[in-house]
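Quick notes on the structure that follows.
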């Protein structure tokens, strides 16, 4: 079963960090704001427990989330989860789109996945906790995200930013067993295998995940960074964006004073310490077998 990507999310421990985080992605990536969920007197009365900006990097929605309101209090379930998940190189997970939530629930149940429903939201989404998906939480959603421009078939992301992002190429996760990864993603989730390849930092297995690619990385060394991530952090370890011209993109980023890592001729990134603690790759090459770039949400919504 294939599900279009709705968004990728990660958390901040303190809401005071969120404005700078949002500004980084707006200024460096040219991200647009689809919607903001903020604490106001009205939303606080309703029990809102977080603040977040729904940011569009090209046609990919990324959401940094911070505890706020009731969530700022120690012992609040969502706030505690966000604080636990706010470590460097840690992401919450992905949201995937479905038409029929009950059908999707039955599909996951038949494959042995436990589902979690937040009280009052049973008609809108359910969660597959991260412990069942190698540290990557799945949020299976029926509703549209507020302000999501991708609902409009005529919408196109701006293409005049100097970074030159063409689209999201892949989401990477770390693992310690390629066999278990294949059993989970190809066997249980039925995501087609796109083949193995070698990356400088790890061995990679690729799987078609809706309208993007999941890259599952296994370190060649027990003490390497991917092995450390798989052991101590788990889940998503990177995003990879395709850019029109890697050298121009690198020149632009260096001009902002940002340190780079990797190989501009292959795949490079802003050093995570200078990128809100997350590893985000850029490349102008497309691996063999990878699908065409672009969100399929509008096509998905138009189908009967």
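Residue numbers (the working numbering): 1 to 304. A virtual CB, placed ideally from N, CA and C, is assigned to each residue, including glycine.
Query, Result
"At least 3 beta-carbon pairs within less than 8 angstroms: the region 163-179 vs the region 279-294", "yes"
"Own chain, CB closer than 6 angstroms to residue 240, minus 5 neighbours either side, in chain order", "169, 170, 281"
"Own chain residues within Cβ distance below 7 angstroms of residue 334, not counting five before or after", "The first residue shown for the chain is 1 and the last is 304, placing residue 334 beyond what the model contains."
"Segments assigned alpha helix (DSSP H), at least 4 residues, entirely inside the region 118-184", "178-181"
"Helix, strand or coil at residue 202 according to DSSP, with G and I counted as helix", "strand"
"Identified DSSP bridge partners for residue 282", "241, 268"
"Helix, strand or coil at residue 186 [DSSP, three-state]", "helix"
"Opening and closing residue of the alpha helix (DSSP H) in which residue 220 lies", "Unbroken run through residue 220: none, as it is neither H nor E."
"Start and end residues, beta strand (DSSP E) containing residue 40", "Where residue 40 is concerned, there is no enclosing beta strand (DSSP E), given that its DSSP letter is neither H nor E."
"Residues that residue 97 bridges to, as DSSP identifies them", "141"
"Local conformation of residue 68 per DSSP, three classes", "coil"
"Three-state secondary structure assigned by DSSP to residue 79", "helix"
"8 angstroms CB neighbourhood of residue 123 in its chain, flanking five on each side removed", "101, 142"
"Cα-Cα separation, residue 12 to residue 119", "24 angstroms"
"Enclosing alpha helix (DSSP H) for residue 311 [first to last residue]", "Nothing about residue 311 can be read from this structure; the chain reaches only from 1 to 304."
"CB of residue 82 within 8 angstroms of CB of residue 71, strictly", "yes"
"Counterpart residues of residue 207 in DSSP-defined beta bridges", "193, 214"
"As assigned by DSSP and simplified to three states, the class of residue 48", "coil"
"Contact check, residue 67 vs residue 75, beta carbons under 8 angstroms", "no"
"Backbone CA spacing between residue 230 and residue 174 [nearest angstrom]", "5 angstroms"
"DSSP bridge partner residues for residue 289 (one or two, in chain order)", "According to DSSP, residue 289 bridges with nothing at all."
"Close beta carbons around residue 309, own chain, < 7 angstroms, minus the five adjacent residues each side", "Nothing about residue 309 can be reported from this structure: the residues present for the chain run from 1 to 304 only."
"Inter-residue spacing [alpha-carbon to alpha-carbon] between residue 184 and residue 133", "8 angstroms"
"For residue 22, the first and last residue of its enclosing beta strand (DSSP E)", "That residue, residue 22, is in no beta strand (DSSP E); its alpha helix (DSSP H) goes 18-29."
"Nearest-angstrom beta carbon gap, residue 264 and residue 246 [assumed within contact, 8 angstroms]", "5 angstroms"
"Beta-carbon separation (whole angstroms), residue 121 vs residue 61, contact threshold 8 angstroms", "In fact, because the Cβ distance is near 19 angstroms, the residues do not count as touching under 8 angstroms."
"Bridge partner(s) assigned by DSSP for residue 313", "Because the chain is modelled from 1 through 304, residue 313 falls outside the range shown and cannot be assessed."
"Beta-carbon gap between residue 217 and residue 199 smaller than 8 angstroms", "yes"
"Residue 312 - partner residues in DSSP beta bridges", "The question about residue 312 has no answer, for the chain in this structure spans 1 to 304."
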